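There are 2 protein chains.
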Amino acid sequence: MTPPPPGSPSGARTGRPRSAAADRAILDATRAALVELGWSKLTMGDVAARAGVAKTTLYRRWAGKNALVVDAVADLFDEHLELPDRGSLQADIEGVVLRFAALLDRPETKTALMAVVAESTRDEALRERIRSAIVDRQKGLVLLGRERAQARGELPREDEPAAAARTADLIFDVIAGAVVHRTLVSAEPVDGEWARGFTALLIGGLAGAAAGLPGR
Amino acid sequence: MTPPPPGSPSGARTGRPRSAAADRAILDATRAALVELGWSKLTMGDVAARAGVAKTTLYRRWAGKNALVVDAVADLFDEHLELPDRGSLQADIEGVVLRFAALLDRPETKTALMAVVAESTRDEALRERIRSAIVDRQKGLVLLGRERAQARGELPREDEPAAAARTADLIFDVIAGAVVHRTLVSAEPVDGEWARGFTALLIGGLAGAAAGLPGR
DNA sequence: CCCGTTACGCTACGACCCGTAGCGAAAGAG
DNA sequence: CTCTTTCGCTACGGGTCGTAGCGTAACGGG
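Residue numbers (the numbering used here), protein chains in the order written: chain A, 2 to 217; chain B, 2 to 217.
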């Protein structure tokens with residue numbers, strides 16, 4: 002009945018702490034189950050059994066399949082999404098395209114990403130979770146790439162922040178959308194050749210928009 | 002036991018024919034259920050009840066929820082996906098972007114499209130069904146738009162068919178992917194302003210790729 | 001060192017959905 | 001009229017969901 006004393010940032014300091022090992026085991030088990038069964042046939046009971054954990058433990062930490070899977074694939078994005086500086090805008094874009102494509106090529110992400118996005122159309126909390134755990138991290142790569150390109154002089158510095166933000170959002174939707182669509186809908190591989198062609202198209206568009214008609 | 006006489010193109014000519022009215026009622030009920038419940042909470046029993054049809058009738062015609070929903074949303078693509086000639090490549094692209102976006106903005110398609118795509122990563126037959134019922138029709142618009150632009154002289158005629166096909170696939174993935182990502186992942190509206198900005202980027206890229214470096 | 005608090009594993013449960021089988025009746029084709 | 005197929009209905013076993021209840025285990029503070 003005694004809530005944590007005022008001043009403690011997040012509640013519940015007393016009692017048995019949650020097992021961090023269980024967290025890892027559960028997320029690992031979730032990824033393994035995604036690979037073997039796919040999204041639709043993955044069940045909470047099965048994940049619990051794989052993780053060597055009681056089903057109730059799952060529900061104490063995640064609201065359901067959606068939230069659990071989001072966290073499980075978000076881990077992969079943490080590990081595999083970096084952007085080494087390759088020295089040119091062209092090379093940086095190709096790099097991020099290929100990295101994102103490699104991530105999407107994994108069976109776990111392939112089956113899970115679109116499924117949770119589909120669910121998020123009816124679940125505001127889930128959408129926010131996806132945004133903070135996955136989407137924002139990808140978008141950060143776009144912002145970083147632009148920053149580098151501007152430092153190199155490959156892209157002009159936009160002074161109006163609202164327009165700059167709109168442009169960055171546009172670029173992000175184009176890059177991520179094209180890779181996702183190519184991989185999941187067209188079901189064709191994103192290889193070096195495709196990445197070169199796509200990057201050429203995108204850079205040409207950026208150059209044209211910058212040089213050509215600024216406002217309309 | 003007597004199969005249809007040889008020469009009849011598709012089997013089963015005798016006996017009580019399937020009710021076309023039931024087909025329409027079922028697909029209508031499926032769309033209504035998608036709007037109200039969303040993909041995950043939609044059940045076959047519920048659809049059957051809404052359509053005034055026995056559950057067994059559903060299973061006689063569709064293998065399951067996936068196939069049923071694909072057909073239900075494919076109808077919408079049939080009705081609402083046309084491409085009037087607006088006189089310029091710019092206007093044609095904006096038109097197809099806005100039409101596709103309007104389709105994606107419907108709650109039925111929003112919740113269903115990504116879900117079936119996610120399922121299709123584990124179901125080859127379903128992927129083929131989506132391709133023929135939805136994707137190929139969209140891709141046709143891209144091919145039509147390019148044809149018109151070439152007739153107007155806005156785009157060069159490519160003589161190597163393989164390269165032309167690759168380019169068309171790339172354009173298609175970029176357009177459809179960007180619109181889907183903007184709508185479903187970023188959850189931001191595709192309005193006239195966004196369509197203009199996106200189209201400017203794409204046309205700039207096409208011009209740059211055509212004028213600038215052809216191979217690499 | 002014990003005590004309060006919380007997490008954990010286990011079992012059991014009602015509710016729901018799945019996909020199919022079996023039946024008699026209905027509706028066209030020949 | 002007869003044959004064939006579809007239809008509506010009922011019923012079923014099998015599976016998943018999400019929760020409740022219990023006794024036990026692990027940690028932090030007094």
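From the three backbone atoms N, C-alpha and C, an ideal C-beta is built for every residue, glycine too. A quick note: this is a predicted structure, and the numbers were derived from the prediction, not measured.
- Taking Q151 (chain A) as the centre and dropping the five residues before and after it, the same chain places the C-beta of R158 closer than 7 Å to its C-beta, in chain order.
- Using a Cβ-Cβ cut-off of 8 Å, T58 (chain B) does not count as an interface residue toward chain A, since no Cβ of chain A sits closer than that to its own.
- For A113 (chain B), the enclosing alpha helix (DSSP H) stretches over residues 108-121.
- Contact holds between the stretch 185-197 of chain B and the stretch 169-177 of chain A, because three or more Cβ pairs, one in each stretch, are under 8 Å apart.
- For V181 (chain B), the CB contacts under 7 Å within the same chain, skipping 5 residues up- and downstream, are L105 in chain order.
- At a cut-off of 8 Å between beta carbons, D174 (chain A) contacts chain B.
- Between A30 (chain A) and R51 (chain A), the beta carbon gap of about 4 Å places them in contact (Cβ cut-off 8 Å).
- Excluding sequence positions up to five before and after K111 (chain B), its CB lies within less than 8 Å of the CB of L105, T184, L185, all in the same chain and listed in chain order.
- Note on geometry: alpha-carbon atoms of R62 (chain A) and I27 (chain A) lie some 10 Å from one another.
- Distance from the CA atom of F199 (chain A) to the CA atom of V191 (chain A), rounded to whole angstroms, is 10 Å.
- If you draw a 10 Å sphere on the C-beta of E189 (chain B), you find fewer than 16 other C-beta atoms in it, and that means exposed.
- Going by beta carbons, L127 (chain B) and V117 (chain B) fall inside the 8 Å limit.
- Of B:P18, B:A177, B:P85, B:R14, the smallest CA-CA separation from L114 (chain B) is found for B:A177.
- By the rule that beta-carbons nearer than 8 Å mark a contact, H182 (chain B) touches chain A.
- The CB of A179 (chain A) comes closer than 7 Å to the CB of D174, V175, G178, A179 in chain B, given here in chain order.
- Annotation for E83 (chain A): no alpha helix (DSSP H) segment contains it, and DSSP assigns it neither H nor E.
- Within its own chain, the residues whose Cβ lies closer than 7 Å to the Cβ of A34 (chain A), once the five positions on either side in sequence are excluded, are L43, D47, V48, R51, listed in chain order.
- In this structure K140 (chain B) is buried. Its beta-carbon is surrounded by 16 or more other beta-carbon atoms within 10 angstroms.
- Only residues of its own chain outside the window of five on either side were considered, and among them A23, A26, I27 have a CB closer than 7 Å to the CB of V54 (chain A), listed in chain order.
- Sixteen is the threshold: since fewer than 16 other Cβ atoms of the shown chains lie within 10 Å of the Cβ of R14 (chain A), the residue is exposed.
- With a threshold of 8 Å between beta carbons, V118 (chain A) makes contact with chain B.
- In summary, R32 (chain A) is buried, with 16 or more beta-carbon neighbours lying within 10 Å of its beta-carbon over all protein chains present.
- W40 (chain B) is not a Cβ neighbour of A64 (chain A), given a cutoff of 8 Å.
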